[in-house]
Amino acid sequence: MTTYAPPSAGIAQQLRPFGQHPQRWERKRSRAVRGGHVCCGSHCAAGCEPVLIRERTGWGWIDWTIPADGTMPEQPHRVAVFTPIATRSRRISLRWLARRPAHRIRLGKVTVRPATAVVTALTLVAAALALMHGVPFSIVLPAAALVPLLVEHLPDRLDPRTGENARIVEAEAGCRYLQRLAALHAGLVQAAVSSDCYEVRRAVEIGHHQLFATADLLQRHDTRSVSSELIARERLMLQLAVQTRQIVTPTQGDAAASRHDRFRGQPLGPYPPRPRQQPQSSAEHTTPVPLTKEETNMPQDGSEQPTGEVYLLFAHEAYYPAAAQEINTSVVAAASLLHPRIRQSDGARIHDRLTRGRRPGEIVPLATLTHELDGGTRWPEAGDWEAVTADLLQLIRDRECDALSLDLPDIARALVCSGPHSEIRVYDPTAGRHQAYGPAERIEVLVEVGRQLARVEAGCALWPGDGLLVPANPGGAK
Numbered sequence: 000m001t002t003y004a005p006p007s008a009g010i011a012q013q014l015r016p017f018g019q020h021p022q023r024w025e026r027k028r029s030r031a032v033r034g035g036h037v038c039c040g041s042h043c044a045a046g047c048e049p050v051l052i053r054e055r056t057g058w059g060w061i062d063w064t065i066p067a068d069g070t071m072p073e074q075p076h077r078v079a080v081f082t083p084i085a086t087r088s089r090r091i092s093l094r095w096l097a098r099r100p101a102h103r104i105r106l107g108k109v110t111v112r113p114a115t116a117v118v119t120a121l122t123l124v125a126a127a128l129a130l131m132h133g134v135p136f137s138i139v140l141p142a143a144a145l146v147p148l149l150v151e152h153l154p155d156r157l158d159p160r161t162g163e164n165a166r167i168v169e170a171e172a173g174c175r176y177l178q179r180l181a182a183l184h185a186g187l188v189q190a191a192v193s194s195d196c197y198e199v200r201r202a203v204e205i206g207h208h209q210l211f212a213t214a215d216l217l218q219r220h221d222t223r224s225v226s227s228e229l230i231a232r233e234r235l236m237l238q239l240a241v242q243t244r245q246i247v248t249p250t251q252g253d254a255a256a257s258r259h260d261r262f263r264g265q266p267l268g269p270y271p272p273r274p275r276q277q278p279q280s281s282a283e284h285t286t287p288v289p290l291t292k293e294e295t296n297m298p299q300d301g302s303e304q305p306t307g308e309v310y311l312l313f314a315h316e317a318y319y320p321a322a323a324q325e326i327n328t329s330v331v332a333a334a335s336l337l338h339p340r341i342r343q344s345d346g347a348r349i350h351d352r353l354t355r356g357r358r359p360g361e362i363v364p365l366a367t368l369t370h371e372l373d374g375g376t377r378w379p380e381a382g383d384w385e386a387v388t389a390d391l392l393q394l395i396r397d398r399e400c401d402a403l404s405l406d407l408p409d410i411a412r413a414l415v416c417s418g419p420h421s422e423i424r425v426y427d428p429t430a431g432r433h434q435a436y437g438p439a440e441r442i443e444v445l446v447e448v449g450r451q452l453a454r455v456e457a458g459c460a461l462w463p464g465d466g467l468l469v470p471a472n473p474g475g476a477k
């Protein structure tokens, strides 16, 4: 199964504001533009607060900015995820937390909430009526002063306590990552609307758990330090989305039709993926990724289990399996390094180095190994990587193992060929300046490759080949 994937830029899944009801975005945008200031970038004063439009969802809320040119925003300004385990009172308080952001109005030298101004006016009227009916002034005055103060300051006191049951992410990279997960979860929710199947409802619950756990992780860490865990979580969410789609969509025909539906929209190579019967002696790694506590009740079909394999990503000289189709990067299961057609014992030593201390499902670029081997000075200890990758490429082209073959754009390919902390600079002649791409963009490329790999492995794990050698350190991948 040599599966050919489109460039990473083409496989991103976006979450747009009010995706199911675009007319609501227009109404809210028009109201916000009339009632507040739209931040327009460099022309705004320092400390400018943009007007936000809040989209409430079943799992939290998303705050969107309003671009000055009238287009839809590309990514959220803030994402909040509610705890999936909440009592009825907690759910009510969380709905209070998800209320529309308050706009303040200026009254002389102070700014107050619109609700405070309205309540103050109503309180003065009520106080006047109370005095006319003989209520003592000593009672009316404290009450009239206390009510506006409570309306103005009580929400600021309640929000932090309620916020303990929510995870709010505001960092740009974190919001961009949660946006992709939320797009996958939105597909689960949409499927649950049209299906009363228990498995689909359970998938929505699991997706909510994944969103909350990821938001909690992003609230405490930056994306760079937990990149491998984020990639694994997104792959699990994509597996869940594929399973749900297959449950909701009735199967028509045999397994070949099912595979055709699964890979719909992907330009496949000349040899479509097909299941293989593995002999008992094969060293294929098919250990499922350990499920989180909330996922243990999700029914799993054996062919849909995510694997605990580690993967090697390496760039190579481009080849063209079909007209106008360039393949310049490949992803293989780490166990393919143990194939007898790979130069040994170099392949086994590189396999040991690749799998040592890795997380299940982690995609490791060859450049990361170079970085870990003191910038490549210790490669002779591990093996001849050039000969091993050349053998791997020939193995892929001879269809002796499975691979995800990619046509990465120039910048994405340069990033995965650089170390995890490297930076590349590209000159943009139209803008007349250099654009820097660093670790954050490299992580995004690996996340997109991971999503594509998860889509390919929805049917079966990548086959590493037959007759594999025994690993040099069988426990190194644990």
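Under numbering that gives the first Met the number 0, the first residue of the sequence shown is numbered 0, with each subsequent residue one higher.
Backbone N, C-alpha and C fix where the C-beta goes; we use that ideal spot for every residue, glycine too.
| Item | Value |
| --- | --- |
| Local conformation of L51 per DSSP, three classes | strand |
| The segment 185–199 / the segment 238–249 touching (three or more Cβ pairs under 8 angstroms) | yes |
| Supposed close pair V425, V363 - CB separation, criterion 8 angstroms | Contact doesn't hold; Cβ gap of about 25 angstroms is too wide. |
| Sequence-distant residues of the same chain with beta carbon closer than 6 angstroms to A181, five excluded per side | L14 |
| CB-CB length for T64 against L51, believed under 8 angstroms | 6 angstroms |
| Limits of the alpha helix (DSSP H) - the one that F211 falls within | 197–219 |
| beta-carbon M236 near the ligand ADP non-hydrogen atom, thresh 6 angstroms | No copy of the ligand ADP appears in this structure; indeed no ligand is present at all. |
| CB of L467 within 7 angstroms of CB of A334, strictly | yes |
| Residue range of the unbroken alpha helix (DSSP H) whose run includes T122 | 113–131 |
| Reference L149; option with closest CA among R432, L312, T115 | T115 |
| Complete runs of the beta strand (DSSP E) confined to the segment 374–409 [at least 3 residues] | 402–405 |
| Strand pairing of F313, partner residues [DSSP] | S329 |
| Helix, strand or coil at H433 [DSSP, three-state] | strand |
| Cα-Cα separation, R202 to A126 | The residue asked about is misnamed: residue 202 is Ala in this sequence, not Arg. Cα-Cα distance, rounded: 54 angstroms. |
| Assigned secondary structure, D62 (DSSP; H/G/I helix, E/B strand, else coil) | strand |
| Identified DSSP bridge partners for Q324 | A321 |
| Test item: CB-CB of G346 and L336 under 7 angstroms | yes |
| Which of helix, strand or coil DSSP assigns to L461 | coil |
| Candidates I349, D465, L311, H350, of which the one nearest E361 by Cα | L311 |
| Closer than 7 angstroms to chain D by CB, R358 | Given the protein chain composition of this structure (a single chain), no chain D is represented. |
| Nonlocal neighbours in the same chain, by C-beta distance under 8 angstroms from T367, ignoring five residues either side | G418, P419 |
| Length of the line joining the Cα atoms of P16 and E54 | 7 angstroms |
| Three-state secondary structure assigned by DSSP to R175 | helix |
| Whole-angstrom distance between A231 and T213, CA atom to CA atom | 11 angstroms |
| Member of S137, A143, P135 whose CA lies at the smallest distance from the CA of A120 | A143 |
| R424 - partner residues in DSSP beta bridges | A435 |
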